[in-house]
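Asks:
In the working numbering, the protein residues as written are 27 to 316.
(1) What separation, rounded to the nearest whole angstrom, lies between the Cα atoms of residue 220 and residue 121?
(2) Where are the alpha helix (DSSP H) runs, 4 residues long or more, that stay fully inside the segment 248-303, in chain order?
(3) Which one of 167, 222, 71 has the shortest CA to CA distance from residue 311?
(4) Take residue 243 and list the residues in its own chain whose beta-carbon comes closer than 7 Å to its own, dropping the five residues that flank it on each side.
(5) Looking at C-beta atoms only, is the number of pairs between the segment 115-130 and the segment 94-104 that lie closer than 8 Å three or more?
(6) By the 10 Å Cβ neighbour count, where 16 or more other Cβ atoms means buried, how is residue 218 classified, buried or exposed?
(7) When DSSP builds the beta bridges, which residues end up paired with residue 46?
(8) Put residue 129 into one of helix, strand or coil per three-state DSSP.
(9) Where residue 27 and residue 124 are concerned, what is the direct C-alpha to C-alpha distance, given to the nearest angstrom?
(10) Between which two residues does the alpha helix (DSSP H) containing residue 151 stretch?
(11) Please report how far the alpha carbon of residue 306 lies from the alpha carbon of residue 111, in whole angstroms.
(12) For a test of the three-state rule: what should DSSP assign to residue 95, helix, strand or coil?
(13) Consult DSSP for residue 55 and reduce its assignment to one of helix, strand or coil.
(14) Quick one: what does DSSP say residue 320 is sitting in, helix, strand or coil?
(15) So, do the segment 273-288 and the segment 52-59 have three or more beta carbon pairs nearer to each other than 8 Å?
(16) In the DSSP output, what is residue 163 paired with across the bridge?
(17) Using the Cα positions of residue 103 and residue 296, report the straight-line distance between them to the nearest angstrom.
(18) Locate the alpha helix (DSSP H) running through residue 201, then write down its first and last residues.
(19) Could you name the residues of the same chain whose beta carbon sits closer than 6 Å to that of residue 238, not counting the 5 residues immediately before and after it, in chain order?
(20) Can you give me the Cβ contacts of residue 314 inside the same chain, cut-off strictly under 6 Å, excluding the 5 residues immediately before and after it?
(21) Can you find the residues in the same chain that come closer than 8 Å, C-beta to C-beta, to residue 224, ignoring five residues on each side of it along the sequence?
(22) For the beta strand (DSSP E) containing residue 185, list its first residue and its last residue.
(23) Any beta-carbon of chain D closer than 9 Å to the one on residue 281?
(24) Going by DSSP, what residue range makes up the beta strand (DSSP E) through residue 241?
(25) Leaving out five residues on either side along the sequence, give the residues of the same chain with a beta carbon under 7 Å from the beta carbon of residue 202.
(26) According to DSSP, is residue 123 helix, strand or coil?
(27) For residue 88 and residue 63, I'd like the C-alpha separation in whole angstroms.
(28) Give a yes or no on whether the C-beta atoms belonging to residue 153 and residue 160 are separated by under 9 Å.
(29) Which of the three DSSP states, helix, strand or coil, is assigned to residue 113?
(30) Rounded to whole angstroms, what's the CA-CA distance from residue 128 to residue 294? Just pull it up for me.
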């Protein structure tokens, strides 16, 4: 593989670990390359996410063009599910970028939730044959063997395990198992979303485990899933918070307006300059570094 011409993530002014670009399960505002150009223009770095599966090859292609992009995989059924070989294939496609690859546990779980997002499926196949649900737990509520295998695997590869759309009980089991198995990086994926339902106090109660990172997305607040009080408390007080967008939807703000809104929120909620640096750049870079 040829050497990437992209500037390293450590040079970025901010890092967004959760952005949706097309092609995806839903129609998106930008392609992967278009998204890369937007983040480059703003001195940022972006990690692309896709409910259909893997963005590793797209990220590699973007970096070959000098764009600040890395990838992830969502282990949904349509992408191969909870299979460590799927992760290995993705790592091969991602190339030798000096950042950890984000491995999201399933986001299509079959659990009841009516999204407030206005969005359209990207292909008729997804209407006729929807993505089949997968969960990280078995019928008894315990983490299944495939999930535990992935947690163990993460000790030997440059990856971050993300909790995906696990429910509250599963997230707590994942945190316990990750601590017990010495998983290097575990990210709680948008824990304020209704499928998980962890508030700021719940997150504080988890304590400051060295490998645990907490994602706070703009989208959970924009959709009204999170109160102003809870959103601001997470931004100010919870350890190892990673502030991301979870945007890319055609009905939601573009990248530059999101950054402008974020600056207004940080000012309104009296988030210190040092804390802003931590949640938008320091902690994301720390989590992704290896």
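Every residue, glycine too, gets a C-beta built ideally from N, C-alpha and C.
Only a predicted model underlies this, so the values are computations on that prediction, with no experimental measurement involved.
Replies: Taking the coordinates as given:
(1) The residue you call residue 220 lines up with position 194 of the chain shown. The residue you call residue 121 lines up with position 95 of the chain shown. Using only the alpha carbons, I get a separation of about 35 Å.
(2) Complete alpha helix (DSSP H) runs here, min 4: 254-263, 281-294, 299-303.
(3) The residue you call residue 311 lines up with position 285 of the chain shown. If we check each option's Cα against that of residue 311, 71 comes out closest.
(4) For the purposes of this step, residue 243 is identified with residue 217 of the chain shown, where counting begins at 1. For residue 243, where only same-chain residues beyond five positions count, the Cβ hits under 7 Å are 44, 216, 270, 271, 272.
(5) Three or more pairs of CB atoms, one per stretch, sit closer than 8 Å, so the segment 115-130 contacts the segment 94-104.
(6) Locating residue 218 in the chain shown gives position 192, counting from the first residue. Burial is judged here by how many other beta carbons sit within 10 angstroms of a residue's own beta carbon; residue 218 has at least 16 and is buried.
(7) Residue mapping note: residue 46 aligns to position 20 of the chain shown, counting from 1. Residue 46 has 75 as its beta-bridge partners, per DSSP.
(8) Here the question's residue 129 lines up with position 103 in the chain shown. Strand at residue 129.
(9) Counting from 1 along the chain shown, the entry for residue 27 is found at position 1. Counting from 1 along the chain shown, the entry for residue 124 is found at position 98. At residue 27 the pLDDT is 45, less than 50, meaning the model places this residue with poor confidence and gives no usable figure here.
(10) To locate residue 151, count along the chain shown from 1; it is residue 125. Per DSSP, residue 151 is one residue of the alpha helix (DSSP H) stretching across 150-154.
(11) Counted from its first residue, the chain shown places residue 306 at position 280. Counted from its first residue, the chain shown places residue 111 at position 85. Their Cα atoms are separated by approximately 32 Å.
(12) Sequence index remark: in the chain shown, residue 95 carries index 69 (1-based). Three-state result, residue 95: strand.
(13) For the purposes of this step, residue 55 is identified with residue 29 of the chain shown, where counting begins at 1. Residue 55 falls in the coil class under three-state DSSP.
(14) The structure shown does not extend to residue 320, since the chain is modelled only from 27 through 316, so no value can be given for it.
(15) Because the criterion of three Cβ pairs below 8 Å is met, the segment 273-288 and the segment 52-59 touch.
(16) The sequence position of residue 163 within the chain shown is 137, counting from 1. Paired residue(s): 169.
(17) Taking the first residue of the chain shown as 1, we reach residue 103 at position 77. Taking the first residue of the chain shown as 1, we reach residue 296 at position 270. Rounded to whole angstroms, residue 103 to residue 296 spans 42 Å at the Cα level.
(18) Here the question's residue 201 lines up with position 175 in the chain shown. From DSSP, the alpha helix (DSSP H) with residue 201 extends over 194-206.
(19) For the purposes of this step, residue 238 is taken as the residue at position 212 of the chain shown. Cβ neighbours of residue 238 within its own chain (closer than 6 Å, five residues either side excluded): 212.
(20) The sequence position of residue 314 within the chain shown is 288, counting from 1. Only 125, 126 meet the Cβ criterion.
(21) Taking the chain shown and counting its residues from 1, the one referred to as residue 224 is at position 198. Excluding residues within five positions, the ones whose Cβ falls inside 8 Å are 194, 197, 214, 217, 218.
(22) As a position in the chain shown, residue 185 is number 159, starting the count at 1. First-last of the beta strand (DSSP E) with residue 185: 185-188.
(23) The question asks about chain D, but that chain is absent: this structure has only one protein chain.
(24) If you number the chain shown from 1, residue 241 lands on position 215. Looking at the DSSP string, the run of the beta strand (DSSP E) that includes residue 241 is 238-243.
(25) The residue labelled residue 202 in the question sits at position 176 within the chain shown. Beyond the five residues adjoining it in sequence on each side, residue 202 comes within less than 7 Å, by CB distance, of no other residue in the same chain.
(26) Taking the first residue of the chain shown as position 1, residue 123 is located at position 97. Three-state result, residue 123: coil.
(27) Stepping through the chain shown from its first residue, residue 88 is reached at position 62. Stepping through the chain shown from its first residue, residue 63 is reached at position 37. So the two alpha carbons sit approximately 9 Å from each other.
(28) As a working note, residue 153 is residue 127 in the chain shown. As a working note, residue 160 is residue 134 in the chain shown. Using a Cβ distance threshold of 9 Å, residue 153 and residue 160 do not count as a contacting pair.
(29) Translated into positions along the chain shown, residue 113 becomes position 87. Reduced to three states, the DSSP call for residue 113 is helix.
(30) The residue you call residue 128 lines up with position 102 of the chain shown. The residue you call residue 294 lines up with position 268 of the chain shown. C-alpha separation (whole angstroms): 31 Å.
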